[in-house]
DNA sequence: TATAAGCAGACCGACAGCCTGTCGGTAAGA
DNA sequence: TCTTACCGACAGGCTGTCGGTCTGCTTATA
């Protein structure tokens with residue numbers, strides 16, 4: 001019955017189980033007992049590795065955040081690709097991995113998961129904004145963008161798009177389309193490029 | 001011992017107590033028992049008026065949202081004042097009433113209050129954005145602003161400022177100042193006004 | 001090299017304590 | 001008398017703790 005593993009391995013097992021459960025049943029909807037059953041360990045073991053349920057969430061958030069950060073970083077550093085395209089690809093990294101599926105997104109935005117949502121968002125934002133800020137900066141020095149505050153431009157665009165395209169608001173398809181167009185329009189203003197010049201490239205970001 | 005009151009009155013008593021407790025100890029940190037004690041009623045009474053703890057939060061959020069909405073609306077309709085000033089005053093309505101004090105803000109942003117935070121924000125945004133959107137529209141037809149999407153401009157500015165000036169990020173004073181300047185700069189871009197023209201008026205919003 | 005002793009890290013599960021929501025029953029006012 | 005407001009015991013669930021157990025690696029010893 002008793003199986004001993006290295007701490008790192010157990011921790012990851014617990015995080016794997018927690019990820020699936022949180023994503024399926026929500027954070028509040030998942031009890032530590034559920035995690036125990038899924039991993040097949042005893043209560044004490046869980047609390048040997050993590051000091052609380054929230055501690056598990058924090059570790060999980062960090063793991064996901066790091067993964068996103070890494071893939072965004074990889075894209076951002078690929079100097080062969082034009083800056084604008086790199087930005088768009090970076091933004092794509094913010095979306096949850098497709099193999100988990102769309103259920104996740106719905107779950108994360110249920111009110112019961114406010115805490116999870118908030119932590120995810122914060123972790124994502126703090127990691128990816130500097131990367132995109134750097135890309136905008138690159139664009140500025142290439143002369144294709146114009147802004148005195150590249151980093152804060154990134155902050156504004158990313159953090160707004162996180163809240164606006166979140167399913168937070170229930171909206172019809174036309175509203176969504178309008179919101180997207182408005183977003184692109186204002187992005188052009190913020191980055192100081194000609195009106196309409198980003199439309200073709202950016203429209204693909206939302207699909 | 002037994003005191004009978006009208007339902008509306010009791011409900012408000014409960015909401016008053018809940019507001020103070022949520023604000024002091026946080027939503028998760030407040031037990032229904034705390035509320036019971038504070039109001040001086042029994043368990044069953046609470047659940048006679050509200051169907052769950054979250055239901056209390058919802059009612060409270062709505063009450064606060066409505067108050068903000070009303071005062072913003074009043075400001076927005078005062079046609080004697082120039083549009084830009086009205087916008088600034090509306091934004092000021094978003095800040096919590098000063099008589100509750102600053103402790104509130106800190107509480108709301110603690111992780112334990114994610115749910116409260118989220119509900120407040122959503123309620124505020126959905127109520128006030130259309131008002132400010134209308135004001136921007138007014139500005140556009142007066143010829144002082146230029147944007148094809150006044151409503152979404154409002155959405156972007158308000159929702160970004162909510163997340164950015166939230167104590168969410170811990171930041172030094174210089175960072176805050178820089179962020180404010182950047183915000184004003186980008187606001188000018190979004191509203192299509194001359195660079196620097198909003199600085200004097202807007203800087204007062206953050207104090 | 002074989003064997004025993006020692007030890008720290010991983011693990012277990014009973015249990016305390018809190019918390020939410022329910023329910024049958026009770027008082028009070030119209 | 002009937003509806004509306006109220007009461008408080010109680011069930012059930014959940015988190016985090018704690019004393020104790022097991023395991024396998026390290027070190028000592030012959």
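Chains as they are written, first to last, in our numbering: chain A, 1 to 207; chain B, 1 to 207.
No residue lacks a Cβ here, since even glycine has one placed at the ideal position from N, Cα and C.
Being a predicted model, the structure only gives us computed values, none of them experimental.
Got a sec, what are the start and stop residues for the alpha helix (DSSP H) residue i sits in?
i             : result
residue 27/B  : Here residue 27/B belongs to no alpha helix (DSSP H), and DSSP marks it neither H nor E.
residue 87/A  : 83 to 94
residue 45/A  : 43 to 49
residue 199/B : 199 to 202
residue 74/A  : 53 to 76
residue 118/B : 114 to 142
Heavy atom of the ligand ADP less than 7 Å from the Cβ of residue i, yes or no?
i             : result
residue 192/B : The ligand ADP is not part of this structure, which contains no ligands at all.
So which residues of chain B does residue i contact, with C-beta pairs closer than 8 Å?
i             : result
residue 38/A  : What residue 38/A touches in chain B: nothing, since even the nearest Cβ is about 24 Å away.
residue 118/A : 111, 114, 117 and 118
residue 190/A : 186, 189 and 190
residue 59/A  : Near residue 59/A there are no residues of chain B at all, since even the closest Cβ is about 14 Å away, more than 8 Å.
Which residues in chain A have a C-beta closer than 8 Å to the C-beta of residue i? List them in chain order.
i            : result
residue 47/B : Under the 8 Å cutoff, chain A gives no residues; its nearest Cβ is about 19 Å from residue 47/B.
residue 51/B : Those within 8 Å of residue 51/B in chain A number zero; the least Cβ separation is about 15 Å.
Which residues in chain A sit within 7 Å of residue i, going by Cβ to Cβ distance?
i             : result
residue 155/B : 164
residue 194/B : None at all; the shortest Cβ gap to chain A is about 13 Å.
residue 25/B  : The premise fails here: residue 25/B is roughly 17 Å from chain A at the closest Cβ pair, so nothing lies under 7 Å.
residue 148/B : 185
Residues of chain A with CB under 9 Å from residue i, in chain order?
i             : result
residue 159/B : 159, 160, 163 and 164
Can you pull the chain B neighbours of residue i, defined as C-beta to C-beta under 7 Å?
i             : result
residue 179/A : 152
residue 182/A : 149 and 152
Please determine if the stretch 137 to 146 of chain A and the stretch 76 to 96 of chain A are in contact, where contact requires at least 3 C-beta pairs separated by less than 8 Å. yes
My parser needs the alpha helix (DSSP H) runs of 4 or more residues fully inside the stretch 152 to 187 of chain A; what are they? none
Taking contact to mean at least 3 C-beta pairs separated by less than 8 Å, is the stretch 6 to 14 of chain B in contact with the stretch 190 to 198 of chain A? no
Do the stretch 38 to 55 of chain B and the stretch 127 to 137 of chain B touch if we need at least three Cβ pairs shorter than 8 Å? no
Between the stretch 143 to 153 of chain A and the stretch 169 to 189 of chain B, can you find at least three pairs of beta-carbon atoms closer than 8 Å? yes
Within 8 Å, do at least three Cβ pairs link the stretch 171 to 181 of chain B to the stretch 114 to 131 of chain B? no
Would you check if there are 3 or more beta carbon pairs closer than 8 Å linking the stretch 59 to 70 of chain A to the stretch 26 to 39 of chain A? no
Would the stretch 159 to 166 of chain A count as touching the stretch 150 to 169 of chain B if we require 3 or more Cβ pairs under 8 Å? yes
Check whether the stretch 54 to 62 of chain A touches the stretch 17 to 27 of chain A, taking contact to mean three or more Cβ pairs, one atom from each stretch, closer than 8 Å. yes
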